[in-house]
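J.: Sharing a structure with you now.
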Amino acid sequence: QGRKLTVTGTIPGGLGDAWEKVKISASYPGEESIYQEALRPQYHFSSRRGWLNDPNGLVWKDGSWHLFYQHNPYNHNWDNMTWGHAVSSDLFHWKEMAPGLQPDAEGYMYSGSAVVAPKGSTGLPVKGDALALIYTANGNHSYEPGRTVVQSVAYSEDNGKTFTKFKGNPVVPHVVAENRDPKVFWHAPSKHWVMPLFYDGSDYGIYTSPDMVKWEKTCDYKIPTDGECPDLYELPVDGDAKNTRWVAWGAQGKYMLGSFDGKVFKAESGPHHHYFGAAYAGQTYGNAPGGRRVHIGWMRDGGAGLQGMPFNLQMSLPMDFTLRRQGDGIRLWAEPVKEAEALRASTKEWKDFTYESGQTDPLADFKGGQFEVEAVMDANTSAAEVGFRIFDDHAAIWKPGDRTFSGAEGQQAPVDGKLKVRIFVDTVTMEAFVNGTYVSKYIRQTPGTKPLRLVANGGAVKFDSLKVHTLKSAWKE
Ligand code: FRU
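Using the working numbering, read the sequence shown as starting at 1095 and increasing by one per residue.
Structure (structure tokens):
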């Protein structure tokens, strides 16, 4: 069924003849069956076809969440770096658009960010409000020797349908070998644009600009043991707008907390970590409504099992970040976005019960490939391990002795003696949110295994509540 879709030849709007030197050829299963493949994530974003890496240019405009991403539309592997573009009104149902940026004489289109630039706020040749993409052009891949790695801008005056690269590019010249991943935002008190930029190792710099065209460097900072893909934003502590901290974030999800005066970031604590597993190089929407900090990560490690598919890898579940006072300090707290609740199809619920090893598992009959588990359980338990097993092989397990969940050490300090757990299982992934911590991995739904089992090894655990929701497919329903 379906016809073979073969992509060969030149990239439209690309390098023309230079591309003839590059072999771009890949065949995929029939186009009609796209989104219906056996291993297609059903409610996480994955590209229609080809390779996907970091989310880029997360920006909200006029009711639409835009998701740009590092993309190789032509093949299963990292190459031909293009900015894929998808749009959603609810963060789950995505429509893929024409690519935002394509490689050209500037080189490959590496990671970056997007902003809504109000009329008059930039030196770009636009008439009204614009959607601007600020990206790294990596000339090392342009097939022309002696190129450099620079920061450039493109803009759209039709809500992201088409983009024009700024004639004055680059806006930040080559700095060091690996300067990349600009994450631009408007700093209202200073009335200027701000651009954290990755350099090398764990070094980052901050540039500022009155017009997005002329930039000057105003500070350096570090996120020890992290690197790439900076994010920088201010959040209230426990919702108190008068008590805020700035979060400086790196690709591995490590972050520093500190202050930022519009030019200089001063770290006060960190690096902290609350984000473990497969997800990498995420970023946040800088302008989500209601002051929300919605983050999407790229689920990188462990997707090798997708080799037979016309697409490769997927994004994380969108999550809201807040800052909360916890234990010995202030920490980021991740929760699945509330929009995820609309995915629920059917729910089974158990209340106030104790489960102990050897007892009949209430989940033994559960069937499903896409589901969410919601549990509130006592962190103090006589069992050495409690929690869930997913398709037999994958553990979502709390070990009270070493205070880890799924092997991840974070801030899973019990809150009022409880663990609040949300687990999301999709075709090839599972993600767990536990007391503000996020853990993720790629999984296999091995035939003959049980989708979900309760675990209490060598003791008993008390649940306040346990709910299991089957989830709808964003592509089919
Ligand atoms: C992160 C990253 C970015 C870079 C992009 C290139 O995974 O290495 O630093 O811009 O991927 O695709």
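Where is the CB? At the ideal position from N, CA and C, for every residue including glycine.
Keep in mind that this is a model prediction, so the values were computed, not measured.
Does DSSP classify I1432 as helix, strand or coil?
T.: It is worth fixing the name first, because residue 1432 is Lys in this sequence and not Ile. It is helical.
J.: Throw me the rounded Cβ distance for the A1335 and A1375 pair, which I believe falls under 8 Å.
T.: Not quite, the Cβ-Cβ distance comes to about 30 Å (not below 8 Å), so this is no contact.
J.: May I ask you to report which of helix, strand or coil DSSP gives N1234?
T.: Looking at N1234 - three-state DSSP - the assignment turns out to be helix.
J.: Following the continuous beta strand (DSSP E) through S1246, name the residue where it begins and the one where it ends.
T.: V1243 to S1250 is the span of the beta strand (DSSP E), which, as asked, contains S1246.
J.: If you draw a straight line from the C-alpha of K1259 to the C-alpha of N1174, how long is it?
T.: Roughly 18 Å between the two C-alpha positions.
J.: Between A1554, A1478 and Q1464, which lies nearest to V1522 when the distance is taken from Cα to Cα?
T.: The candidate whose alpha carbon is nearest that of V1522 is Q1464.
J.: Hey, would you say L1227 sits closer than 9 Å to W1145, going by beta carbons?
T.: The answer is no: Cβ separation not under 9 Å.
J.: Does the region 1345-1355 come close enough to the region 1514-1530 to have 3 or more Cβ pairs within less than 8 Å?
T.: These segments do not touch.
J.: For E1443, count neighbouring C-beta atoms within 10 Å of its own C-beta (all shown protein chains included) and say buried if the count is 16 or more, exposed if not.
T.: When all chains shown are included, E1443 counts as exposed.
J.: Quick one, which of V1431, V1358, V1549 and R1438 has its alpha-carbon nearest L1185's?
T.: Looking at the Cα atoms, V1431 is the closest of the given residues.
J.: Ligand 1 and Q1408: does any heavy atom of the ligand fall closer than 8 Å to the residue's C-beta?
T.: No, ligand 1 has no heavy atom inside 8 Å of this Cβ.
J.: Under three-state DSSP, which class holds G1423?
T.: Of the three classes helix, strand and coil, the one that applies to G1423 here is strand, per DSSP.
J.: Pull up the distance between the alpha-carbon of K1213 and that of A1282, whole angstroms please.
T.: When rounded, the distance between both Cα atoms is 15 Å.
J.: Below 8 Å on the Cβ atoms is my contact criterion, and I expect G1553 with T1475 to pass it. Report the Cβ-Cβ distance as a whole number of Å.
T.: Between T1475 and G1553 the Cβ distance is about 6 Å, and since that is below 8 Å, they are a contact.
J.: Would you mind sorting V1401 into buried or exposed? The rule is 16 or more other CB atoms within 10 Å of its CB.
T.: Looking at the sequence provided, one finds Gln at residue 1401 rather than Val. Per the 10 Å Cβ criterion, exposed.
J.: With DSSP as the reference, label S1127 as helix, strand or coil.
T.: S1127 falls in the helix class under three-state DSSP.
J.: Quick check on DSSP: helix, strand or coil for E1161?
T.: The displayed chain sequence assigns Leu, not Glu, to residue 1161. L1161: strand per DSSP, three-state reduction.
J.: Within the same chain, show all residues whose beta-carbon is closer than 6 Å to that of T1242, passing over the 5 residues directly before and after it, in chain order.
T.: Cβ neighbours of T1242 beyond the five flanking positions: G1233 and H1268.
J.: Just to check, is the beta-carbon of A1469 closer than 8 Å to a non-hydrogen atom of ligand 1?
T.: False, no ligand heavy atom lies under 8 Å from that Cβ.
J.: So is the beta-carbon of W1612 under 8 Å away from any non-hydrogen atom of ligand 1?
T.: Lying before the first or after the last residue shown, residue 1612 is absent from the chain, which here runs from 1095 to 1571.
J.: Run through the region 1428-1497 for me and flag every whole beta strand (DSSP E) of 3 or more residues, listed as ranges in chain order.
T.: As far as the region 1428-1497 is concerned, its whole beta strand (DSSP E) runs of at least 3 residues are 1438-1450, 1465-1472, 1479-1484 and 1488-1493.
J.: What are the complete beta strand (DSSP E) segments, minimum 3 residues, inside the region 1182-1220?
T.: The region 1182-1220 contains these whole beta strand (DSSP E) runs: 1188-1190 and 1202-1211.
J.: Can you find the residues in the same chain that come closer than 8 Å, C-beta to C-beta, to K1117, ignoring five residues on each side of it along the sequence?
T.: Residue placement at K1117 cannot be trusted, given a pLDDT of 33 that sits under 50; what the coordinates show is reported in the next sentence. Around K1117: no qualifying Cβ.
J.: In whole angstroms, what is the alpha-carbon distance linking K1556 and H1368?
T.: Cα to Cα, K1556 sits roughly 25 Å from H1368.
J.: What residue ranges within the region 1504-1563 form continuous alpha helix (DSSP H) runs of no fewer than 4 residues, ordered along the chain?
T.: The qualifying runs do not exist here; there are none.
J.: Pick helix, strand or coil for A1345, following the three-state DSSP scheme.
T.: In this structure, A1345 counts as coil in the three-state DSSP scheme.
J.: Could you check whether S1207 and Q1164 sit closer than 9 Å to each other, using their CB atoms as the reference points?
T.: Cβ atoms of Q1164 and S1207: not closer than 9 Å.
J.: Going along the chain, which residues of its own chain have a beta-carbon closer than 6 Å to the beta-carbon of A1180, five neighbours each way excluded?
T.: L1161, W1188 and E1190.
J.: Return yes when at least one heavy atom of ligand 1 lies under 8 Å from the C-beta of Y1374, else no.
T.: Checking every heavy atom of ligand 1 against the Cβ of Y1374, one is found closer than 8 Å.
J.: Suppose the cutoff is 8 Å on Cβ atoms and the five residues either side in sequence are ignored; what does the same chain contact list for T1448 look like?
T.: Cβ neighbours of T1448 beyond the five flanking positions: A1554, V1555, K1556 and F1557.
J.: Return yes when the Cβ of S1410 is within less than 9 Å of the Cβ of Y1532, no when it is not.
T.: A contact, by the Cβ cut-off of 9 Å.
J.: If I'm right that M1306 touches V1210 with Cβ under 8 Å, what's the distance once you round it to whole angstroms?
T.: Actually they are not in contact, since the Cβ atoms of M1306 and V1210 sit about 12 Å apart, beyond 8 Å.
J.: Which stretch, first to last residue, makes up the beta strand (DSSP E) that contains F1370?
T.: Per DSSP, F1370 belongs to the beta strand (DSSP E) from Y1369 to G1371.
J.: Just checking A1274 against ligand 1 - is the residue's beta carbon closer than 8 Å to any of the ligand's heavy atoms?
T.: The amino acid occupying residue 1274 in the given sequence is Arg; Ala does not appear at that position. Yes, since a heavy atom of ligand 1 falls inside the 8 Å radius drawn around the Cβ of R1274.
J.: Would you check if the distance between the CB atom of F1359 and the CB atom of C1313 is smaller than 9 Å?
T.: It is a contact, given that the beta carbons lie within the stated cut-off.
J.: Would you grab the beta carbon distance between Q1377 and M1393 for me? Rounded to a whole angstrom, and I think it's under 8 Å.
T.: That pair is no contact at about 14 Å.
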